[in-house]
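Asker:
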Amino acid sequence: MTIASALGSLCLALAASPQGAAPKDQTAPPAVTAFVGARILPIGAPAIERGVLLVEGGKVRAVGPVDGVAIPEGAGRVDLAGKVVMPGLVCTHSHVGEPWGADSSGPIQPEVSSWDSMDVTAASVHRARAGGLTTINAMPGSGHLISGQTAYLKLRLGRTVEELAYRDADGRFLGGLKMANGTNPQRESGPFPGTRAKSAALVRQRYLDAVAYRDKLAAAGDDTSKRPARDLGLEALVEAMAGTRIVHHHTHRADDIMTVLRLAEEFGFRVVLHHVSEGWAVAKEIAAAKVPCSIILIDAPGGKLEAAGLSYDTGAVLEKAGVRVAVHTDDFITDSRLFLRSAAFAVRGGMSREKALEAVTLAGAEMLDLADRVGSLAPGKDADFVVLDGDPLSVYTRVLETWVEGAKVFDLADPEDRLVAEGGPGAGDRRPGVSCCAAVAGWEAAR
Amino acid sequence: MKRRQALLTLGLLCAPGFLACAAAPAVSPALAPTVQGARPALPQGSIAVRAERLYTMAGPVIEDGIVWIEAGKIRAVGPAASVSLPEGISLLRAKVATPGLVDAHAVVGLAGWLNVDADKDELDGGGPVQPELRALDAYNAKEPLVQWVRSFGVTTVHTGHAPGALISGQTLIVKTRGDTVEQAVLEPTVMVTASLGDGARGGSGAPGSRAKAAAVLRQELHGAKSWMEQRERDAAKEPEEGKDAPPEPARDLRKEALVRVLKGELPLLLTAHRAHDLMTALRIAEEFPGLKLVLDGASEAPLVLDALVAAKVPVVVHPSMQRTGGEAASLSFTTAQLLLEAGVPVALQSGYEDYVPRTRVVLFEAAIAARHGLPFERALGLVTKDAAQLLGIFDRVGSLEVGKHGDVALYDGDPFEYTTHCTAVVIEGESFPGEQPKLVR
Ligand SMILES: [Zn+2]
Ligand SMILES: [Zn+2]
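Line order of the protein sequences matches chains A and B. Using our numbering, the letters of the first sequence map in sequence onto residues 1 to 447. Using our numbering, the letters of the second sequence map in sequence onto residues 1001 to 1441.
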């Protein structure tokens, strides 16, 4: 066994340790650091022309103008004059690291999970950091009615999903549930549906099963002997109906969008509509249902029948109708390194700058139930931010640095990071990251 | 619905702050009368464009410039003060105007936007070697994606069969207008498309390995060469005394196409990404002295830069935003710049997409090249002048010069900026609307 592989297995052992609590960030700067002089776009608050971002313990301690924020004595200081700082970008729909879920055995597999397939060392994950992304919803694909559970990831440098996981207060992984309708989940032969009506019927039946399962659980109360045998798939649907697991629903055509709204109302699951190519046609209905939308903008409509109605003004139309709008990469469909381009294209289509910038930050965080932690730069939130050399919506602007919880995870000035940002020989190699081995060193030192 | 769409678009483009609209409400591009509606005194295809910044690609940028197009050709171009326009000519205004964009390699018109059996014509599965297939016989001038790319300023497209077969067919060059290919065509036959690497392997009857693909390609070229030489010998023979001349030999479309490749009449446009496939392409090209090679894709070109420079082979670089992965795992936003700096002739392309989006837009690709180090006009050149030169049509398109086609793209700001709009497009004096949020079915 080589030293490297020994370290690797130690690392894995550590990562799988009790409760899987994320290892403490070893690279975080000491005490307080002040990022000074940048134009700060806090999101949800007015821009600050020459601002200070005060970071302590991986959290934002203060944000404000240079003459309005007291920098404590002894604080580290990073000069960002001439730069632009905004919150780390949040992508509500990503396939980086290949977080695939269900297999070909059936159209409904809520028991499978991206946590068990995702490779966080994939080059695509580091490309996301190069694009300024700090939070992603890593999802299975859309070839199933229900293709599995999604993973909310914080793009810390790490080599295990355990290190990147968003967790609740009890240390459990946070994620949603991926569903799809329209043509992608349809196939020529069973058990997959061949029509839209069959798709809805299959989903409806499984949710009815989940309702019965939930009722049995409730009836059993504390009497474990009366509980039904555990069904991992139905458990996930029960969580969806309870609102603790948000459904992320791939849907394009107006009629398919309406079908999602109908099912969501029937079973009470919380849903985010994804892609929503023809959302412009049913904006009022979406607004009335108070359902948020995460949209995609691509270089041309079509590529498949149901994306033919894709429109650059979907974001604008939804915004005007009062719908909360996020924009996503759907990375491999669009490249995470150009995520801000998608926000800019929404503006090209008539969306307001303000809402377009929210669409890649705060609105996305809301759609993942993470807005109390990320999506804007406000005291108490995670110190996840991006340093840009210009306006976020300009083609000429580049992501210079990406910071997660006060630690730099991408630096364009670093040759290896630059290779990932621009491409070139070796850019596609897996990138093991560093925090694992720092964690191992810490563990060894403590022994 | 169409009318409503046009109005919607107008509303979008004329949002406050867009100077082009504010300055010229009377010539809103989406509703501007077509040339057919112009006054009878002026010949058809007459129109003028006045731009705050006019990039001719044939000299320095002109502040407040005018392009005067008469009967489809550029009659005059220069500072507004120096060009006196005839009475009654339609005038389009723009903040920025450029030559109509030239896409050096696409599949639009063959690869339909819906991507279903009924509109997928970019690749025939009948065999690995089919140079006899003509894009001319497949190009659908009414394909919505033709209209889509035009609406961003693309006026000329070199299009044809997709990568995915060892030899997939012949390309053509079209203008992005007309209801039929006859109305659209600029050059009916331009290159023969080929692939090495994954694009050439697999599928029924296709070579199963890299070496086999190379061997089949070589053998096909040798076969065509022998066939050509035999025909030349036969033609040179004196008919025997007292006998009738021998009958005309049978036609062979496949061999005829390859003969044109061997003679350099039709360059071989060979798509390959990996360094070793690029070297195989150079090796084979060298074995056939008349053959003109143009490399396409070439994401690992930086690894074999010296060989490319030495071979003086032009490269139609992969789209700047092509997806990273598979054979193209090493592609880079900076490849075009690197090749340009090394002196390799380069143009950009929209490439081939088998899924969503079905086509890219070269304007966007050049924008990303500009973001990654290319000066503005070098990047613009990749989709105008350089592309036209690489395709051998620079005598007609690719720059705004007197006598050339009146093809102009109009923008309400820096054409590369994400939030700029293409406000109108002129092709040989005929005006078309600029971008709209969607394609109307
Ligand atoms: Zn999807
Ligand atoms: Zn997706």
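The beta carbon of each residue, even a glycine, is placed where N, CA and C say it ideally should be. In this text the structure is predicted, and so the values were computed from the model without any measurement.
#1: Taking only runs that begin and end inside the segment 39 to 98 of chain A, name each unbroken beta strand (DSSP E) of 3 or more residues, in chain order.
#2: With 8 Å as the C-beta to C-beta threshold (strictly closer), list the residues of the segment 286 to 303 of chain A near chain B in chain order.
#3: Measure from the alpha carbon of L318 of chain A to the alpha carbon of each residue in A:G302, A:K355 and A:P301, then state which is nearest.
#4: Of the residues that make up the segment 1280 to 1311 of chain B, which ones have a beta carbon closer than 9 Å to any beta carbon in chain A?
#5: Contact defined as beta carbons within less than 8 Å: I believe S113 of chain A pairs with G101 of chain A. What is the distance between those atoms, to the nearest angstrom?
#6: Cα separation between V291 of chain A and H274 of chain A?
#7: If we require 4 or more residues per run, which alpha helix (DSSP H) segments fall completely within the segment 271 to 353 of chain A?
#8: Could you please give me the residues that DSSP links to P1442 of chain B through a beta bridge?
#9: Please indicate yes or no: does the CB of D67 of chain A lie closer than 7 Å to some heavy atom of ligand 1?
#10: Give the single residue among A:R159, A:P65 and A:A34 whose Cα lies nearest to the Cα of I40 of chain A.
#11: Rounded to whole angstroms, what's the CA-CA distance from Y312 of chain A to R1371 of chain B? Just pull it up for me.
#12: Check whether the Cβ of A427 of chain A lies closer than 8 Å to any Cβ atom in chain B.
#13: My assumption, with CB atoms under 8 Å, is that L1348 of chain B sits in contact with V1362 of chain B. Please give the rounded CB distance.
#14: State yes or no: is the beta carbon of N1115 of chain B nearer than 8 Å to at least one beta carbon in chain A?
#15: Counting only Cβ pairs nearer than 8 Å, list the residues of chain B close to S142 of chain A.
#16: Comparing the C-beta of E1496 of chain B with each C-beta of chain A, is any distance below 8 Å?
#17: Tell me, please, whether the CB atom of F339 of chain A is closer than 8 Å to any CB atom in chain B?
#18: Buried or exposed: which applies to G1429 of chain B, given that a residue is buried once 16 or more other Cβ atoms fall within 10 Å of its Cβ?
#19: Could you spell out the range, first to last residue, of the beta strand (DSSP E) harbouring F385 of chain A?
#20: Sorted by chain position, which residues of the same chain lie with C-beta nearer than 8 Å to E49 of chain A's C-beta, five sequence neighbours on each side aside?
#21: Could you tell me the boundaries of the beta strand (DSSP E) in which A1285 of chain B lies?
#22: Check whether the Cβ of Y312 of chain A lies closer than 8 Å to any Cβ atom in chain B.
#23: For a contact defined as C-beta to C-beta under 9 Å, what are the partners of G333 of chain A on chain B?
#24: Count the other C-beta atoms from every protein chain shown that fall within 10 angstroms of the C-beta of V1116 of chain B, then say buried if there are 16 or more, exposed otherwise.
#25: So K1255 of chain B is in the beta strand (DSSP E); what residue range does that whole segment cover?
#26: Can you list, in chain order, the stretches of the alpha helix (DSSP H) that have 4 or more residues and sit fully within the segment 1144 to 1232 of chain B?
#27: Any heavy atom of ligand 1 closer than 7 Å to the beta-carbon of S142 of chain A?
#28: Report yes if the CB atom of M1191 of chain B is closer than 8 Å to the CB atom of L1269 of chain B, and no otherwise.
#29: Give, in chain order, every residue of the segment 1423 to 1441 of chain B whose Cβ lies closer than 7 Å to some Cβ of chain A.
#30: Output needed for A1080 of chain B: all residues of its chain with C-beta closer than 7 Å, excluding positions within five of it in sequence on either side, in chain order.
#31: Is it buried or exposed for A326 of chain A, if we count other Cβ within 10 angstroms and need 16 for buried?
#32: Which same chain residues end up closer than 8 Å to R1233 of chain B when comparing Cβ atoms and leaving out the 5 residues on each side of it in sequence?
#33: Hey, quick one: how far does the alpha helix (DSSP H) through Q1349 of chain B stretch, first residue to last?
#34: Counting along the chain, where does the beta strand (DSSP E) carrying Q149 of chain A start and finish?
#35: Taking the C-alpha atoms as reference points, what is the distance between G380 of chain A and M241 of chain A?
#36: Could you tell me whether any non-hydrogen atom of ligand 1 is closer than 7 Å to the CB of D330 of chain A?
Answerer: On the basis of the data shown:
#1: With a minimum length of 3 residues, the continuous beta strand (DSSP E) runs that stay inside the segment 39 to 98 of chain A are 48 to 56, 59 to 65, 76 to 79, 84 to 87 and 89 to 94.
#2: From the segment 286 to 303 of chain A, only I298, D299, A300, P301, G302 and G303 have a Cβ closer than 8 Å to chain B.
#3: When only C-alpha atoms are compared, the closest one is A:K355.
#4: The residues in question are S1299, E1300, P1302 and L1303.
#5: Between G101 of chain A and S113 of chain A the Cβ distance is about 7 Å, and since that is below 8 Å, they are a contact.
#6: Going by the C-alpha atoms only, they are around 11 Å apart.
#7: Counting whole runs of 4 or more residues, the segment 271 to 353 of chain A contains the alpha helix (DSSP H) stretches 283 to 288, 314 to 321 and 339 to 348.
#8: The structure shown has nothing for residue 1442 of chain B, since chain B only spans 1001 to 1441.
#9: False, no ligand heavy atom lies under 7 Å from that Cβ.
#10: Of the candidates A:R159, A:P65 and A:A34, the one whose C-alpha sits nearest the C-alpha of I40 of chain A is A:P65.
#11: Near 22 Å, if we compare the C-alpha coordinates of R1371 of chain B and Y312 of chain A.
#12: So yes, A427 of chain A belongs to the interface.
#13: That belief holds up - the Cβ atoms of L1348 of chain B and V1362 of chain B are roughly 6 Å apart, short of 8 Å.
#14: Yes, contact with chain A.
#15: By Cβ distance, chain B contributes nothing, its closest Cβ being about 11 Å from S142 of chain A, past 8 Å.
#16: Summary: the structure shown does not reach residue 1496 of chain B, with chain B confined to residues 1001 through 1441, and so no result is reported for it.
#17: F339 of chain A does not count as touching chain B.
#18: Counting Cβ neighbours within 10 Å, G1429 of chain B comes out buried, since at least 16 surround it.
#19: Counting along the chain, the unbroken beta strand (DSSP E) around F385 of chain A starts and ends at F385 to L388.
#20: Here the set comprises R39 and P65.
#21: Element bounds for A1285 of chain B: not the beta strand (DSSP E) but the alpha helix (DSSP H), A1275 to E1287.
#22: Closer than 8 Å: yes.
#23: It should be pointed out that residue 333 of chain A corresponds to Ile in this sequence rather than to Gly. One finds R1323, Y1355, V1356 and P1357 in chain B with Cβ atoms closer than 9 Å to the Cβ of I333 of chain A, taken in chain order.
#24: With fewer than 16 other beta carbons inside 10 angstroms of its own, V1116 of chain B counts as exposed.
#25: Note, K1255 of chain B: premise wrong, no beta strand (DSSP E); alpha helix (DSSP H) at L1253 to L1262.
#26: Runs of the alpha helix (DSSP H) inside the segment 1144 to 1232 of chain B: 1144 to 1150 and 1181 to 1184.
#27: Yes, the Cβ of S142 of chain A comes within 7 Å of a heavy atom of ligand 1.
#28: Yes, the Cβ-Cβ distance between M1191 of chain B and L1269 of chain B is below 8 Å.
#29: Shown in chain order are the members of the segment 1423 to 1441 of chain B whose Cβ falls below 7 Å from a Cβ of chain A: P1437, K1438, L1439 and R1441.
#30: Non-local beta-carbon contacts of A1080 of chain B in its own chain, meaning distances under 7 Å to residues more than five positions away in sequence, involve R1050, D1064, G1065 and I1066 in chain order.
#31: By the neighbour-count criterion, in which 16 or more other beta carbons inside 10 Å mark a residue as buried, A326 of chain A falls on the buried side.
#32: There are no such residues.
#33: Unbroken run through Q1349 of chain B: none, as it is neither H nor E.
#34: For Q149 of chain A, the enclosing beta strand (DSSP E) covers residues I146 to Q149.
#35: One C-alpha to the other measures close to 30 Å.
#36: Answer for D330 of chain A: yes, Cβ within range of ligand 1.
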